[in-house]
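S.K.: Residue numbers (our numbering): 485 to 573. Quick reminder that beta carbons are idealized off the backbone N, C-alpha and C, glycines included. In this text, all values refer to a predicted model and were calculated from it rather than measured experimentally. Before anything else, here's the structure in question.
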């Protein structure tokens, strides 16, 4: 009985670790994309809140492939806005 409980706890921790690692991979991808496309404005984008990302900063909102794609669209909007305003970035 105790071994089963310990094994279950170990499996749960492993699953939680894998989930956290997946979230971090997506956030790292978004950070790299923002730094590549926005350069000096990347930090502002990653911390900004918008309706596209449920009023969360994209770096927090991004947790999986689906939310990464949504954040990537928001990144595209930022990029277009900065280009339209002729703001160097």
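Expressed to the nearest angstrom, what Euclidean distance is found between the alpha-carbon atoms of residue 522 and residue 564?
M.R.: On the chain shown, residue 522 is found 38 positions in, with the first residue counted as 1. On the chain shown, residue 564 is found 80 positions in, with the first residue counted as 1. Cα to Cα, residue 522 sits roughly 10 Å from residue 564.
S.K.: Can you give me the C-alpha to C-alpha distance between residue 535 and residue 489, rounded to a whole angstrom?
M.R.: Taking the first residue of the chain shown as 1, we reach residue 535 at position 51. Taking the first residue of the chain shown as 1, we reach residue 489 at position 5. Roughly 43 Å between the two C-alpha positions.
S.K.: Is it buried or exposed for residue 558, if we count other Cβ within 10 angstroms and need 16 for buried?
M.R.: Stepping through the chain shown from its first residue, residue 558 is reached at position 74. That one is buried.
S.K.: Residue 528 bridges to which residues according to DSSP?
M.R.: Indexing the chain shown from 1 puts residue 528 at position 44. Beta-bridge pairing links residue 528 to no other residue.
S.K.: Thinking just about the alpha-carbon of each residue, which of 569, 491, 568 and 560 is nearest to the one in residue 519?
M.R.: Numbered from 1 along the chain shown, position 35 holds the residue referred to as residue 519. For the residues 569, 491, 568 and 560, the minimum Cα distance to residue 519 belongs to 560.
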